[in-house]
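S.K.: Mind looking over this structure? Questions follow.
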Ligand code: NAD
Ligand code: UDP
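Numbering (the numbering used here), first residue to last: 41 to 354.
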C-alpha cells in the first residue's frame, strides 16, 4: 500500500485527488492550512481508515514518511492569490523548497501542480511545453505566475542537483464540483450568479479565451503522470477545447435556464488574451485526452452549486 501526501488536499482539486487515491487503495495524508480550501470538501473522507488530515502550512517544514508527494498547496483563484501576494510567493517558493527537501530526505517522488500561468499572456497559440512564456514580473498576477515559475525551477534544480524524482504538471483552467462559492474564478462565478438570478460579470469584452477541463479528467491524468516513469519535464494538462468568456457566459445562462443578463466591467491587469493547451505530449506519453465536454461538465457543476446553494428550481 502506497503512502501518499497531498498538500492543499482540502482544496478543489486536492479533495478530488485525495478521494481518487483512496479509491485506488492508497493511504492518504492530506495537509492544508484552509486558506482557500475547506473541511467541507473532505468531511466525507474523515472517517476513512486510510485518510489522515493535518492542519499545516507548507511554508514550514514537515517531517513525515511517505512514498509520493502531490504538491498542490497554493491558492489558485486570482482574488485569493492576490489577497496576500507576499504569502502567495512564500507558499510557492518556501512551500516548494520544504516539499522538495522532504522528498529528497525520504526519497519520495514529488509532483508539482504548476500552471498554464507560467506562459503568461502567451504569444504562441496553442501553448506547447517548449514555449518559455511572456510573464510580467512586476504585475498583480506575478506573485502567482512567477511563483509557479520559480517552483518549476526549484523542481528542476532539485532533480539535477539532488536526483529528486520529479513530475511537473502544467495545469490549465480546471473546474467542477467543490469549487468554493466565493472562489472568484469564472466558471463558479457565472454559475453562482446565474443560479442566484444575478447578472453575469464579464470582464473586458469577453473575447478573451480559456480552455476548460473537467476535474475528473484532470485528476485521472495527474495520477497517470505521477506514476509514469522518466517523464520529468513539464507536461501540459488541460482540455484543448477553447472558448471565449462570453461564450461561456451564454452557455451557463442556457444550461441554467436563466434570463440573459450580462454586465461588462474592465478587464483586470495582465489578464491573458488567449489560452489553450497543446496536449500532444500528454497524448503521446500518457495516452490521455479529456473525456468530459463542456456541456456535460457544466451540468454536473451546476447540479453541485444548486445543491450547495439550496436552489432546486430553474
Ligand atoms: P484551491 O484554492 O481550491 O486549493 C488550494 C489548496 O491549497 C487550498 O485547500 C488551500 O487552503 C491550500 N493552501 C494554500 N496555501 C497553503 C499553504 N501555505 N499551506 C498549506 N495549504 C495551503 O485551488 P485548486 O484549483 O484546487 O488548485 C490546486 C493547485 O492546482 C494549486 O497549486 C493551483 O495553483 C494548481 N492549479 C489549478 C488550476 C485550476 O484551474 N484549478 C490551474 C492551474 C494550476
Ligand atoms: N472572468 C470574468 N468574470 C468573472 C471572473 C473571471 O469575465 O466573474 C474572466 C477573467 O477576466 C479571465 C477569465 O474569465 O479572462 C478566466 O478567469 P479565471 O479567474 O477563472 O482564471 P484565469 O484568469 O486565472 O485563467
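Idealized CB from N, CA, C, for every residue including glycine. Given the structure is predicted, the values throughout are model-derived calculations rather than measurements.
(1) Please state whether the Cβ-Cβ distance between residue 307 and residue 244 is less than 8 Å.
(2) Is the closest heavy atom of ligand 1 to the C-beta of residue 99 under 7 Å?
(3) Measure from the alpha carbon of residue 119 to the alpha carbon of each residue in 128, 279, 339, then state which is nearest.
(4) Hey, how far is the Cα of residue 337 from the Cα of residue 295?
(5) Quick check: the Cα distance between residue 320 and residue 349, rounded to an integer number of angstroms?
(6) Please report how far the alpha carbon of residue 87 lies from the alpha carbon of residue 93, in whole angstroms.
(7) Report the CB separation of residue 258 from residue 211 in whole angstroms; it is logged as a contact under 8 Å.
(8) Please tell me whether, using a cut-off of 7 Å, the distance from the CB of residue 132 to the nearest non-hydrogen atom of ligand 2 is below it.
(9) Indicate, with yes or no, if ligand 2 has a heavy atom lying under 7 Å from the CB of residue 285.
(10) Which class does residue 311 belong to by DSSP, given the choice of helix, strand or coil?
(11) In this structure, what does DSSP give as the bridge partners for residue 194?
(12) Starting from residue 249, trace the beta strand (DSSP E) both ways and give me its first and last residue.
(13) List the endpoints of the continuous alpha helix (DSSP H) containing residue 58.
(14) In this structure, how does DSSP classify residue 72 when only helix, strand and coil are distinguished?
(15) Do residue 153 and residue 102 come within 8 Å of each other at the CB atom, strictly closer than that value?
(16) Run the CB neighbour count on residue 342, radius 10 Å, all protein chains shown included, and call it buried at 16 or more, exposed below.
(17) Helix or strand or just coil, what does DSSP make of residue 111?
(18) Who pairs with residue 154 in a beta bridge, going by DSSP?
(19) Using 7 Å as the cut-off, classify the Cβ of residue 239 as near or not near the heavy atoms of ligand 2, replying yes or no.
(20) If distances are taken between C-alpha atoms only, which option among 123, 121, 293 comes closest to residue 242?
(21) Please report the residue range of the alpha helix (DSSP H) in which residue 138 lies.
(22) Considering only the beta carbon of each residue, do residue 106 and residue 148 sit closer than 8 Å?
(23) Return the residue from the list 238, 175, 226 that minimises the CA-CA distance to residue 310.
(24) For the region 267-293, list the beta strand (DSSP E) runs that are entirely contained and at least 3 residues long, ordered along the chain.
(25) Have a look at the DSSP bridge pairing and note the partners of residue 303.
(26) Determine the direct distance from the alpha carbon of residue 250 to that of residue 314, and round the result to whole angstroms.
(27) Can you tell which of 282, 72, 121, 301 has its C-alpha closest to the C-alpha of residue 290?
(28) Does the region 133-143 come into contact with the region 155-171, if we say contact requires no fewer than three beta-carbon pairs (one atom in each stretch) closer than 8 Å?
M.R.: Reading off the structure:
(1) Here the question's residue 307 lines up with position 267 in the chain shown. Here the question's residue 244 lines up with position 204 in the chain shown. Yes.
(2) Counted from its first residue, the chain shown places residue 99 at position 59. Correct: residue 99 has its Cβ closer than 7 Å to ligand 1.
(3) Numbered from 1 along the chain shown, position 79 holds the residue referred to as residue 119. Closest option to residue 119, Cα to Cα, is 128.
(4) To locate residue 337, count along the chain shown from 1; it is residue 297. To locate residue 295, count along the chain shown from 1; it is residue 255. C-alpha separation (whole angstroms): 11 Å.
(5) Along the chain shown, one-based indexing puts residue 320 at 280. Along the chain shown, one-based indexing puts residue 349 at 309. About 39 Å.
(6) The sequence position of residue 87 within the chain shown is 47, counting from 1. The sequence position of residue 93 within the chain shown is 53, counting from 1. So the alpha carbons of these two residues sit roughly 10 Å apart.
(7) Within the chain shown, the letter at position 218 stands for residue 258. Within the chain shown, the letter at position 171 stands for residue 211. Residue 258 to residue 211, Cβ: 7 Å. Contact.
(8) Here residue 132 refers to the residue found at position 92 when the chain shown is read from its first residue. Every heavy atom of ligand 2 is 7 Å or more from the Cβ of residue 132, so no.
(9) Within the chain shown, the letter at position 245 stands for residue 285. True, at least one ligand heavy atom lies under 7 Å from that Cβ.
(10) What you label residue 311 is simply residue 271 of the chain shown in a count that begins at 1. If DSSP states are grouped into helix, strand and coil, residue 311 belongs with coil.
(11) As a first step, residue 194 is located in the chain shown; it is residue number 154 there, counting from the start. Looking at the DSSP assignment, residue 194 forms no beta bridge with any residue, so it has no partner.
(12) Sequence index remark: in the chain shown, residue 249 carries index 209 (1-based). Note, residue 249: beta strand (DSSP E), 249-251.
(13) On the chain shown, residue 58 is found 18 positions in, with the first residue counted as 1. Segment 52-63, the alpha helix (DSSP H) holding residue 58.
(14) Position 32 of the chain shown, counting from 1, holds the residue named residue 72. Strand, per DSSP.
(15) By one-based count along the chain shown, residue 102 stands at place 62. By one-based count along the chain shown, residue 153 stands at place 113. Against a cut-off of 8 Å, the Cβ pair of residue 153 and residue 102 comes out as no contact.
(16) Residue mapping note: residue 342 aligns to position 302 of the chain shown, counting from 1. Residue 342 is buried by the Cβ-count criterion.
(17) As a first step, residue 111 is located in the chain shown; it is residue number 71 there, counting from the start. Strand, per DSSP.
(18) Start at 1 with the first residue of the chain shown, and residue 154 comes out as number 114. In DSSP, residue 154 forms a bridge with 210.
(19) The residue labelled residue 239 in the question sits at position 199 within the chain shown. No.
(20) Within the chain shown, the letter at position 202 stands for residue 242. For residue 242, the nearest C-alpha among the options comes from 293.
(21) Counting from one through the chain shown, the residue named residue 138 turns up at place 98. Segment 125-146, the alpha helix (DSSP H) holding residue 138.
(22) Within the chain shown, numbered from 1, the residue matching residue 106 stands at position 66. Within the chain shown, numbered from 1, the residue matching residue 148 stands at position 108. Yes, Cβ-Cβ distance for residue 106 and residue 148 is below 8 Å.
(23) For the purposes of this step, residue 310 is taken as residue 270 along the chain shown, with counting starting at 1. The residue with the shortest Cα to Cα distance from residue 310 is 175.
(24) 275-277, 282-284
(25) In the chain shown, counting from the first residue as 1, residue 303 sits at position 263. Answer is 241.
(26) Position 274 of the chain shown, counted from the start, is the residue given in the question as residue 314. Position 210 of the chain shown, counted from the start, is the residue given in the question as residue 250. If you take the alpha carbons of residue 314 and residue 250, they lie about 6 Å apart.
(27) By 1-based counting over the chain shown, the position of residue 290 is 250. Comparing Cα-Cα distances from residue 290 to each of 282, 72, 121, 301, the minimum goes to 301.
(28) no
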